[in-house]
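Take the sequence shown: its letter number 4 is residue 4 in the working numbering, and every next letter is one higher. For every residue, glycine included, the Cβ atom is placed at its ideal position computed from N, Cα and C. Let me begin by presenting the structure, written as C-alpha cells, before commenting on it.
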Amino acid sequence: YKLKNLYLSGNLSAGKDKSDYIASNIIHYPNQDFYSSNTNRYNNNDRLMYRISAAYELGKNQTLSIQSVQNENKMNQYFDTRISFLGAQPLTGRANSEWFRKPSVHSTTANYLLKLDSLGSELKVIGDYVYSSRTELNNFQSVYNFTPKNSNYRNHTPNKTKLYSLQTDYTK
Numbered sequence: 001y002k003l004k005n006l007y008l009s010g011n012l013s014a015g016k017d018k019s020d021y022i023a024s025n026i027i028h029y030p031n032q033d034f035y036s037s038n039t040n041r042y043n044n045n046d047r048l049m050y051r052i053s054a055a056y057e058l059g060k061n062q063t064l065s066i067q068s069v070q071n072e073n074k075m076n077q078y079f080d081t082r083i084s085f086l087g088a089q090p091l092t093g094r095a096n097s098e099w100f101r102k103p104s105v106h107s108t109t110a111n112y113l114l115k116l117d118s119l120g121s122e123l124k125v126i127g128d129y130v131y132s133s134r135t136e137l138n139n140f141q142s143v144y145n146f147t148p149k150n151s152n153y154r155n156h157t158p159n160k161t162k163l164y165s166l167q168t169d170y171t172k
C-alpha cells in the first residue's frame, strides 16, 4: 500500500494441526512371557506468523523504515498407553503424558538512511530487537497394579532471550 511518501505492507500466516495416532504392540517371548501395549496419541498444534513493514520518505534524501515479524506457536501432545505383561511377575497399568510447548520469536528492525551527496555518501543507522521465549511443560504419570512401579514426573523448562543491537555505517 502506498500513500504519498508512506509505504505499508504485511502478511499473515496461520495453521492448525489436530491429529490422532494409535499404536499397538504385541510381543510373545520364547519363555512364554507376553507383553502388549496400546497407545493413543493426540496432537493439537497452532501456528501464527505475521509481518508488518512501513517505510517513510522523510525527504528527497532521507528514509525511515520499520519491519516487525512475530511468530507464535502452541504445540500440545497427549499420550495414553495401556500396558500388560504376563510372565513370572505379571504387570498391568497405564501411562499418561501431557507435553505442552509454546515457542515464540518476535523481532523488529528500524532503519534510517541519509544520503549526503550525489556521489553515494550516506549515513545508515540500524536498530534491532529480538525477543525469544519457549515454555515447555511435560507431565508424566504411570499407575500399575504393582504400586512400587508407579511414578509421577513434572518437567518445566522455560527459556527467554532478549537481544538488542545498534549499528551505524558511514560511507564516503
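ask   = For N76, which residues from the same chain have a beta carbon less than 6 Å from its beta carbon, with the 5 sequence-adjacent residues on both sides left out?
value = Excluding residues within five positions, the ones whose Cβ falls inside 6 Å are N44 and F100.
ask   = Taking DSSP as the reference, what is the three-state secondary structure of K60?
value = coil
message = As a quick exercise: from L12, N138 and L113, pick the residue whose alpha carbon is nearest that of S97.
response = N138
key: For K149, three-class secondary structure by DSSP   = helix
query = Hey, quick one: how far does the beta strand (DSSP E) through Q89 stretch, first residue to last?
reply = Per DSSP, Q89 belongs to no beta strand (DSSP E) and is neither H nor E.
Stretch-stretch touch, CB-based, cutoff 8 Å, three pairs: the segment 45 to 65 with the segment 107 to 115 = The count of Cβ pairs closer than 8 Å, one atom from the segment 45 to 65 and one from the segment 107 to 115, reaches three, so the stretches are in contact.
query = Can you check whether the CB of M49 is closer than 8 Å to the CB of Q67?
reply = The answer is no: Cβ separation not under 8 Å.
Same chain, Cβ closer than 6 Å to S132, five either side skipped, listed in chain order = The answer, listed in chain order, is V105 and T161.
ask   = Would you call the CB atoms of R47 and N73 closer than 8 Å?
value = yes
ask   = Roughly how many whole angstroms lie between the Cα atoms of D33 and I26?
value = Put simply, the backbone Cα of D33 is about 11 Å away from that of I26.
key: Same chain, Cβ closer than 6 Å to D80, five either side skipped, listed in chain order   = N40 and N96
ask   = In terms of residue numbering, what span does the beta strand (DSSP E) encompassing S185 cover?
value = Here the chain comprises residues numbered 1 to 172, so residue 185 is not present and cannot be evaluated.
Runs of beta strand (DSSP E) wholly within the segment 15 to 82 (minimum 3 residues, chain order) = 34 to 59
ask   = Roughly how far, in whole angstroms, is the beta-carbon of S107 from the beta-carbon of V143, given that I think they are within contact range, below 8 Å?
value = No, S107 and V143 are not in contact; Cβ-Cβ is about 45 Å, not under 8 Å.
ask   = So what does DSSP say about D128, is it helix, strand or coil?
value = It is a strand residue.
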